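Everything on this sheet refers to the single structure shown next.
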Amino acid sequence: MQQPTIPVYLFTGFLEGGKTHIIQESMCDERFNTGEKTLIILCEEGIEELDPTSFSGQNIYLATLDSESDVTVDKLEECRAGHKIDRVIIEYNGMWQLGTLYDNLPADWFIFQNMMFADANTFFTYNQNMRSLMVDKLMDCEMIVLNRTPDNIDKEEVHKIVRGVSRRATITYDYPDGHVEYDEIEDPLPFDIDAPVIVIDDEDYAVWYRDMSEEMEKYEGKTVKFKGIVARDLKLGKDALVIGRHVMTCCVEDIAYQGLVCKFKSNVAYKTRDWINVQGKIKIEKNKLYGRPGPVIYAETSAYTDKPEKEVATFY
Numbered sequence: 000m001q002q003p004t005i006p007v008y009l010f011t012g013f014l015e016g017g018k019t020h021i022i023q024e025s026m027c028d029e030r031f032n033t034g035e036k037t038l039i040i041l042c043e044e045g046i047e048e049l050d051p052t053s054f055s056g057q058n059i060y061l062a063t064l065d066s067e068s069d070v071t072v073d074k075l076e077e078c079r080a081g082h083k084i085d086r087v088i089i090e091y092n093g094m095w096q097l098g099t100l101y102d103n104l105p106a107d108w109f110i111f112q113n114m115m116f117a118d119a120n121t122f123f124t125y126n127q128n129m130r131s132l133m134v135d136k137l138m139d140c141e142m143i144v145l146n147r148t149p150d151n152i153d154k155e156e157v158h159k160i161v162r163g164v165s166r167r168a169t170i171t172y173d174y175p176d177g178h179v180e181y182d183e184i185e186d187p188l189p190f191d192i193d194a195p196v197i198v199i200d201d202e203d204y205a206v207w208y209r210d211m212s213e214e215m216e217k218y219e220g221k222t223v224k225f226k227g228i229v230a231r232d233l234k235l236g237k238d239a240l241v242i243g244r245h246v247m248t249c250c251v252e253d254i255a256y257q258g259l260v261c262k263f264k265s266n267v268a269y270k271t272r273d274w275i276n277v278q279g280k281i282k283i284e285k286n287k288l289y290g291r292p293g294p295v296i297y298a299e300t301s302a303y304t305d306k307p308e309k310e311v312a313t314f315y
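For the sequence shown, position 47 matches number 46 in numbering that gives the first Met the number 0, and the numbering has no gaps at all.
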């Protein structure tokens, strides 16, 4: 299998969010543009346009994709045809799903950096009217930059929106006068990770599952107690099952079952759709259901229970 060797700098966000401006600045900065052969792929046309004549260095190749249907392996390969490139910059259209790009990257490309840019004055409107697209862009970004930030912006609300999707994205405010501020709002977990038994309340399952997915290592060897719905899988045998919750990230359409493998000391009679309480120790290990290392609960106690008041877990 071909190993990915070409880094992709991915700039996402909605129209007039500032993507073109930051690409222009980066390519004019000798600290970033040190002569690498760079392919820039533009996926939308805004008011501001790139000015390649001002770039530091001339090993720059421009390409455009006009629609989401153009985001294919063949089209991306066409963008670099005839060029030996060192890196790729993609200014991605905010109305296109990122999964389309992820599924069609050439085999030797990999996402090196993913940053989202938004106009602070329209951020709340986009979130209200296009929540699923906002979630799509926030999910994997390492940083969100809010440009043209007004002095009276509600940072608590911005923090809530971003943290409802990602706990790891850095939130940056870029003000019209040129100064930059970073989000410093404390974001404690709603449960005690250092307790002898980490008790996950029904309303905190989504936050816990996401946090464990992002930072599995810190849960190694921890004992946890939570409520979930059973899913049996024949591949796991009679002494193991999946226990989890249906989680909604932004809207009804994206509800998905998010569960964990749970192993018992002997065969268990729990059936799919049974609600149970389980307490057990977490081990991070490879499991056939995950296909990679993941959290496996080694059950110590379990019992049937009633379903929670809200069956679908959310982040709010």
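Cβ atoms here follow ideal geometry from the backbone N, Cα and C, with glycine treated the same way. The structure displayed is predicted, hence computed values, not measured ones.
Scanning Tyr289, Gly81, Ile152 for the CA closest to the CA of Ala119 turns up Ile152. Look at Leu259 here: in three-state DSSP terms it is strand. If you draw a straight line from the Cα of Ile39 to the Cα of Ile88, it comes to about 5 Å. Secondary structure remark: continuous beta strand (DSSP E) runs of at least 3 residues inside the segment 128–167, in chain order: 142–146.
In the same chain as Tyr204, and ignoring 5 residues on each side of it, the C-beta atoms closer than 7 Å to its own belong to Phe225, Arg244, Ala312, in chain order.
Remark: C-beta atoms of Val229 and Ile275 approach each other more closely than 8 Å. Remark: three or more beta-carbon pairs, one from each stretch, lie closer than 8 Å, so the segment 129–145 and the segment 84–100 are flagged as touching. Per DSSP, reduced to three states, the secondary structure at Pro3 is coil, with no helix or strand assignment.
Shown here, Pro292 sits in a strand according to DSSP, grouped into three states.
A Cβ-Cβ distance of about 4 Å is found for the pair Cys261 and Ile296, placing them in contact under the 8 Å criterion. Burial check for Lys18: the Cβ neighbour count within 10 Å reaches 16 or more, so the residue is buried.
A straight line joining the alpha-carbon of His158 with that of Met114 spans about 16 Å. In the structure shown, Phe116 adopts extended strand secondary structure according to DSSP, grouped into three states. Between Leu9 and Ile84, the gap from beta carbon to beta carbon reaches 8 Å or more.
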